[in-house]
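Asks: For the sequence shown, my numbering gives the first residue as 130, with consecutive numbering after it.
C-beta: ideal position from N, C-alpha, C; glycine also.
Here it is, the structure in full.
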Amino acid sequence: MEALERWLEITTGAHYGVGVSNGLDALRLILEGYKVLGRLREGDGVIVPGNTYIASVLAISQAGMHPILVDPAPLTMNLSAAGITAGIKRGAKAVMTVHLYGRVAWDEEMNSLARSQGLIVVEDAAQAIGAKGGCIAGDAAAISFYPTKNLGALGDGGAVVTSDPELAKAVRALANYGSDSRYHNIYTGMNCRLDPIQAAMIMAKTPDLPAANERRRERAELYTRLIENDAVITPNHPDDRLCHVWHQYVVRVPRHRNDFRLYLADNSVGSDIHYAVPPHRQPCYSHMVWPDLPVTGQLADEIVSLPISDCTTLDDVRDIAAIINQFDPKAL
Ligand SMILES: *Cc1c(COP(=O)(O)O)cnc(C)c1O
């Protein structure tokens with residue numbers, strides 16, 4: 130456990146790594162930590178992009194706070210300064226940026242906006258471990274070691290990283306029944322400990338993480354170079370290629386997505402949608418009033434994730450690109 134926490138500190142540049150049970154708990158513990166420190170309160174608004182995985186939003190509502198959903202930028206499919214501005218107008222006290230698909234969703238403009246308003250910045254880095262600039266942009270970041278993530282355990286696992294000693298202490302206590310020393314409970318905490326067996330599994334895989342992320346970059350860059358089809362929009366790449374670890378490679382197929390996915394399936398190419406139903410359209414949130422989120426809605430209708438894990442070789446990528454280039458919606 131200590132070895133993994135030290136590795137997290139070295140890898141992210143944050144001063145403290147705290148292993149916890151999973152990514153959702155990591156996000157929740159960060160928000161609960163700010164609550165016990167008196168820096169956030171129940172009912173506070175937290176900006177979060179509408180196209181994120183539901184865990185980001187669940188963490189906010191489970192901490193008794195209010196998710197301020199905003200549209201992502203269409204090009205990056207991630208939170209932008211415009212989203213933060215919209216959220217500030219709605220009274221936000223914090224921002225949860227999500228490095229969705231592995232792309233770091235933070236820049237100078239977002240940072241100065243958030244800082245000038247005194248917003249607390251939380252990063253959902255569940256999909257972005259090892260991305261340059263992720264896990265250090267904010268005040269605290271949540272990591273997931275779920276098996277499908279870029280650094281996966283054999284079961285659930287997660288971590289909080291932060292350079293704030295008070296928050297690190299609060300999170301560590303909250304995750305362990307709220308106790309700061311043995312049988313001494315300062316908070317009504319939870320049990321969100323990381324299983325030491327999972328910590329050992331993760332640790333064994335850490336030496337390969339930079340190379341594993343580089344393999345994903347190679348696949349992503351090859352897809353983008355080879356895919357040429359007017360019906361398919363390839364994803365935008367960041368200027369600094371190290372700022373993306375390609376947890377997913379997500380194309381957009383604006384007019385023929387269902388046909389496209391059926392065509393891929395007919396050609397033995399798996400595909401998926403991350404995520405088909407955005408959090409605000411889930412039944413669990415149907416009692417709440419949400420703003421219009423046109424970009425979020427449009428992305429949910431157009432996105433398709435292509436295979437990019439280590440199970441997909443570079444030759445597979447070449448084959449899949451060739452198959453995609455022959456997709457002809459008019460011929461269907
Ligand atoms: C996976 C994921 C989470 C939650 O992590 P778990 O370890 O599965 O709880 C949170 N946010 C995002 C963006 C994720 O992809």
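How many angstroms separate the CA atom of Ser273 from the CA atom of Asp285?
Replies: The alpha-carbon atoms of Ser273 and Asp285 are separated by roughly 8 Å.
Asks: How big is the Cα-Cα spacing for Leu355 and Ile362?
Replies: Looking at the two C-alpha atoms, the distance is approximately 12 Å.
Asks: Restricting to Cα atoms, I'd like to know which of Leu158, Gly262, Leu156 and Arg370 is closest to Thr140.
Replies: For Thr140, the nearest C-alpha among the options comes from Gly262.
Asks: With a CB to CB cut of under 6 Å and the five nearest residues on each side skipped, what residues in its chain are close to Arg144?
Replies: The question names Arg, but residue 144 in the sequence shown is His. Result list for His144: Ser292, in chain order.
Asks: Taking only the alpha-carbon atoms, compute the straight-line gap between Arg170 and Asn396 and give it to the nearest angstrom.
Replies: The straight-line gap from Cα to Cα measures roughly 52 Å.
Asks: Between the region 263 to 283 and the region 148 to 162, are three or more C-beta pairs nearer than 8 Å?
Replies: Judged by Cβ distances under 8 Å, the region 263 to 283 makes contact with the region 148 to 162, as three or more pairs qualify.
Asks: Quick check: the Cα distance between Trp235 and Ala266, rounded to an integer number of angstroms?
Replies: Roughly 7 Å between the two C-alpha positions.
Asks: Taking the straight line between their C-alpha atoms, what separation do you get for Leu283 and Arg322?
Replies: Cα to Cα, Leu283 sits roughly 16 Å from Arg322.
Asks: Are the beta-carbon atoms of Arg87 and Leu443 separated by less than 9 Å?
Replies: The question about residue 87 has no answer, for the chain in this structure spans 130 to 461.
Asks: Taking its Cβ as the centre, do 16 or more other Cβ atoms sit within 10 Å of Gly247, making it buried, or is it exposed?
Replies: Gly247 comes out exposed.
Asks: On the three-state DSSP scale, how would you describe Gly216?
Replies: Here Gly216 sits in helix by DSSP.
Asks: Suppose the cutoff is 8 Å on Cβ atoms and the five residues either side in sequence are ignored; what does the same chain contact list for Thr214 look like?
Replies: So the list reads Leu242, once near-sequence residues are dropped.
Asks: Is DSSP giving Val398 helix, strand or coil here?
Replies: Val398: coil per DSSP, three-state reduction.
Asks: Taking 8 Å as the line, does the beta carbon of Gln256 fall inside it for any heavy atom of ligand 1?
Replies: It does: the Cβ of Gln256 is within 8 Å (strictly closer) of some heavy atom of ligand 1.
Asks: Starting from Val289 and walking both ways along the beta strand (DSSP E), at which residues does that stretch end?
Replies: Counting along the chain, the beta strand (DSSP E) containing Val289 begins and ends at Gly287 to Thr291.
Asks: Any chance the CB of Ala184 is under 8 Å from a heavy atom of ligand 1?
Replies: For ligand 1, at least one heavy atom lies less than 8 Å from the Cβ of Ala184.
Asks: Note down, one range per segment and in chain order, each alpha helix (DSSP H) of at least 4 residues found wholly within the region 412 to 447.
Replies: If we require 4 residues or more, the alpha helix (DSSP H) runs fully inside the region 412 to 447 come out as 423 to 431.
Asks: Rounded to whole angstroms, what is the Cα-Cα separation between Ala184 and Lys278?
Replies: When rounded, the distance between both Cα atoms is 14 Å.
Asks: Measure the CB-CB distance between Glu138 and Val290 and report whether it falls below 9 Å.
Replies: For Glu138 and Val290, yes; Cβs fall inside 9 Å.
Asks: Within the same chain, show all residues whose beta-carbon is closer than 8 Å to that of Ser415, passing over the 5 residues directly before and after it, in chain order.
Replies: So no residue of the chain qualifies.
Asks: Please check the pair Ile449 and Pro436, which I expect to be a contact at CB under 8 Å, by giving their CB distance rounded to whole angstroms.
Replies: Yes, they are in contact, since the Cβ atoms of Ile449 and Pro436 sit about 7 Å apart, within 8 Å.
Asks: Give the C-beta separation of Ala257 and Gly231 to the nearest angstrom, bearing in mind that I take them to be a contact with Cβ-Cβ under 8 Å.
Replies: Indeed they touch by this definition, with Cβ atoms about 5 Å apart.
Asks: Quick check: does the Cβ of Ser438 come within less than 8 Å of any heavy atom belonging to ligand 1?
Replies: Ser438: no, Cβ never under 8 Å from ligand 1.
Asks: What is the rounded straight-line gap between the Cα of Tyr182 and the Cα of Gly174?
Replies: Using only the alpha carbons, I get a separation of about 18 Å.
Asks: Can you determine whether any heavy atom of ligand 1 sits closer than 8 Å to the C-beta of Lys278, and answer yes or no?
Replies: At least one heavy atom of ligand 1 is nearer than 8 Å to the Cβ of Lys278, so yes.
Asks: Helix, strand or coil: how does DSSP classify Leu166 here?
Replies: Coil.
Asks: According to DSSP, which residues form a beta bridge with Asp236?
Replies: For Asp236, which the question treats as bridged, DSSP gives no partner whatsoever.
Asks: Cutting at 6 Å between CB atoms, please list the residues of its own chain near Ser209, excluding the five before and the five after it.
Replies: For Ser209, where only same-chain residues beyond five positions count, the Cβ hits under 6 Å are Ala202.
Asks: Let's test the definition: count the other Cβ atoms within 10 Å of the Cβ of Arg384 and tell me whether it reaches 16, buried, or not, exposed.
Replies: Exposed, since its Cβ has fewer than 16 Cβ neighbours within 10 Å.
Asks: Excluding the five sequence neighbours on either side, which residues of its own chain have a C-beta within less than 8 Å of the C-beta of His195, listed in chain order?
Replies: Cβ within range, chain order: Gly172, Asp173, Gly174, Val175 and Ile189.
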